[in-house]
Amino acid sequence: MPHQFPLILGWEASGTVHTVGKGVTSLKKGDRVYVYCRKPTLQWGSWAEYLTFSAEHGALVPTNLSMAQAAGVPLAGLTAWQALFDKTNLQPGEVVLIHGGGGGVGSFAIQWAKLHGSSVITTASAPKFEYVKLLGADEIIDYQKHHFVDQIRCSYPSGIDVVFDTIGGSVYRQSYEILKPGGRIVSLREQPDLDLSQKFKVRAEYLFTFPNGKQLQTITKLFELGKAKPPIVHQMPLDQAPLAIEEIKKGHTTGKIVLQVMSQI
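See the structure below:
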């Protein structure tokens, strides 16, 4: 996606409201807030001491979360929410495969699906097994030892209802094979494959996550009611942002990396 430079990076943040615009009544100075601050063709940049955002996109930080924990919620939490409920219309009692359950998005997807009454299968490496079990995964597939297609075909010969793909590539294409007719697949990485959709008689979607303050408010309530577990966060100072990016590129991070911009986080 093209951008104009200079550019401030960062799509999500937590912080304290300094000033509100005319007509804003939902937030006030001093409120602890968190926000996913990206639009389709514009970002305001959260890697900074100050940022501006539309009040309708933000929400109050859950009272039982630290600012660092809250900073790791908006993008991953909303992405999982919109993938499962807006794109695939996941229903209670349905079976969903979540690829990469130990990652930032996957960890929230497991929780949202379980809270919704769905059965969750996830792929993870052995070191992350206990973590995804704690989140509520019903079945865990070690992708380093077993092929998920073989494992799911064995457990669900007629296929499953939904796949949430966070990986892309061959994992995405092979995921069509384990869906039952009428099943749904949503990907963060790949556009729908029309040929595979027709072949397996399933519906495919691509997700671009949008800011949504109302959904974020619902997520806040889940944390405050003790129904959602806070993300594992690894704090790094802002001047180590390049190192943080390299860690993310490796694809093995559990939870979220949070950049500490100011000392009070």
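So the number in my numbering is just where the residue sits in the sequence shown, counting from 1, plus 22.
All C-beta atoms, glycine included, are put in the ideal place defined by N, C-alpha and C.
Asked, Found
"Residues that DSSP places opposite residue 256 in a beta bridge", "279"
"Pick from 270, 262, 252 that is closest to residue 317, judged by C-alpha positions", "Outside the shown range of the chain (23 to 287) lies residue 317, about which nothing can therefore be said."
"Residue 209, DSSP secondary structure in three states", "strand"
"Per-residue DSSP class, three states only, for residue 55", "strand"
"Inter-stretch contact (C-beta, 8 Å, three-pair minimum) for the region 102-111 and the region 173-187", "yes"
"Coarse secondary structure for residue 218, derived from DSSP in three states", "helix"
"CB-CB length for residue 207 against residue 201, believed under 8 Å", "6 Å"
"Expected contact under 8 Å - CB spacing of residue 101 and residue 122 to nearest Å", "With 8 Å as the limit, residue 101 and residue 122 do not qualify as a contact, their Cβ atoms being about 12 Å apart."
"Exposed unless 16 or more other CB atoms sit within 10 angstroms - verdict on residue 70", "exposed"
"C-alpha gap between residue 171 and residue 139, whole angstroms", "24 Å"
"According to DSSP, residues forming a beta bridge with residue 38", "54"
"Nearest neighbour of residue 283, chosen from 31, 25, 26, 27 [CA to CA]", "31"
"For residue 153, the three-state DSSP class (helix, strand or coil)", "helix"
"From 228, 94, 67, 178, residue whose alpha carbon lies closest to that of residue 26", "67"
"6 Å CB neighbourhood of residue 190 in its chain, flanking five on each side removed", "211, 212"
"Cα-Cα separation, residue 153 to residue 237", "25 Å"
"Closest by C-alpha distance to residue 129, when choosing among 222, 204, 166, 255", "255"
"Cα-Cα separation, residue 78 to residue 234", "7 Å"
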